[in-house]
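Trainee: Got a structure for you, written out below as structure tokens; questions coming shortly.
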Amino acid sequence: MNSTTPSNKILIVEDEQDVVDMLTLNLKKAGGFVVSTAADGAAGLKKAREELPALIILDLMLPKMPGLEVCKVLKNDGATRHIPIIMLTAKAEEVDRIVGLEFGADDYVTKPFSPREIVLRIKAIMRRGKGEGAPDEKMTLGPITVDPARHHVTVDGKAVRLTTVEYKLLSMLMLRRGRVQSRDRLLNEVWGYESLIDTRTVDTHVRRLRKKLGKAADAIETVRGFGYRLLES
Ligand code: CA
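Numbering (the working numbering), first residue to last: 11 to 243.
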């Protein structure tokens with residue numbers, strides 16, 4: 011679409027002006043970010059489609075269209091699916107933030123949050139998006155093939171559409187097939203930072219990844235109380 015869109019543009023969809031100002035100020039201070047804002051869900055969706063930002067910070071409670079709905083629509087659209095979304099939630103919205111991850115949000119931050127924390131997360135996600143440290147050669151295990159050059163995954167030759175996080179998770183497991191990977195390690199390598207989010211996030215993403223892998227889902231073994239392993243078939 012718009013190929014001149016700067017890859018460092020961050021769209022903030024939030025109706026609380028204080029939060030918008032705080033985020034804008036800190037992102038500008040962090041350097042290298044261009045900030046765009048929308049004050050309700052419908053406007054946020056429109057801007058996301060027009061501007062194709064590098065990342066979206068999406069509040070859950072929004073006028074006109076709730077954040078979850080915006081997230082769902084964006085993650086179901088091939089043109090916007092790849093854009094990482096960080097959801098902003100209040101403490102009481104625990105259930106909703108889990109649902110947010112189910113809908114394809116890449117991460118969530120609970121209000122009140124520190125500016126430093128959110129900037130760290132944004133940087134981690136943007137680094138991740140560039141595929142730093144990713145392998146180059148095609149990897150195959152049973153019916154699953156991962157093509158790092160194209161960020162493409164197939165099961166029995168059929169394309170499987172994965173989010174950035176699901177893709178990274180699968181390629182990490184693939185790269186270390188047969189070896190158990192702890193939730194902490196996956197968190198650190200896939201999400202790019204330590205101990206800022208809880209390990210249930212890993213479980214949620216693995217569950218979604220399994221669902222998408224369909225008949226190949228059993229290749230991912232759960233090692234209870236520890237983590238996951240991709241079984242060599
Ligand atoms: Ca709000």
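Glycine is no exception: its CB is placed at the ideal position from the N, C-alpha and C atoms.
Every value quoted in this text rests on a predicted model; they were computed, and no experiment measured them.
#1: When you compare only the Cα positions, how much space is there between alanine 169 and valine 163?
#2: Can you name the start and end residues of the alpha helix (DSSP H) that histidine 92 belongs to?
#3: Among Val80, Met71, Leu240, Lys39, whose alpha-carbon lies nearest the alpha-carbon of alanine 58?
#4: Taking one C-beta from the region 145-159 and one from the region 217-237 each time, how about it: are there three or more such pairs within less than 8 Å?
#5: With distances taken between CB atoms, is the gap from lysine 85 to serine 46 smaller than 7 Å?
#6: Name the DSSP beta bridge partners of tyrosine 3, please?
#7: What three-state label does DSSP hand aspartate 228 in the structure shown?
#8: Please return the same chain residues whose Cβ sits closer than 6 Å to the Cβ of isoleucine 95, not counting the five positions on each side in sequence.
#9: Would DSSP call arginine 239 helix, strand or coil?
#10: With respect to 6 Å, is the separation between the Cβ of glutamate 79 and the closest non-hydrogen atom of ligand 1 below this value?
#11: In chain order, what residues of the same chain have a beta carbon less than 6 Å from the beta carbon of threonine 173, not counting five sequence neighbours either side?
#12: Using a Cβ-based criterion (distance less than 6 Å to any ligand heavy atom), does methionine 71 qualify as near ligand 1?
#13: For the alpha helix (DSSP H) that glutamate 29 lies in, which residues bound it at each end?
#14: DSSP three-state label for lysine 56, please.
#15: Alpha carbon to alpha carbon, what distance is there between methionine 32 and valine 165?
#16: Would you identify the three-state DSSP class for alanine 48, choosing helix, strand or coil?
Mentor: Considering the structure as presented:
#1: 6 Å
#2: No alpha helix (DSSP H) contains histidine 92, which DSSP labels as neither H nor E.
#3: Val80
#4: yes
#5: no
#6: There is no way to answer for residue 3, as the model of the chain reaches only from 11 to 243.
#7: helix
#8: Ile66, Leu68, Cys81, Ala115, Asp116
#9: strand
#10: no
#11: Gly114
#12: yes
#13: A quick correction: the sequence has valine, not glutamate, at residue 29. 27-40 is the span of the alpha helix (DSSP H), which, as asked, contains valine 29.
#14: helix
#15: 44 Å
#16: strand
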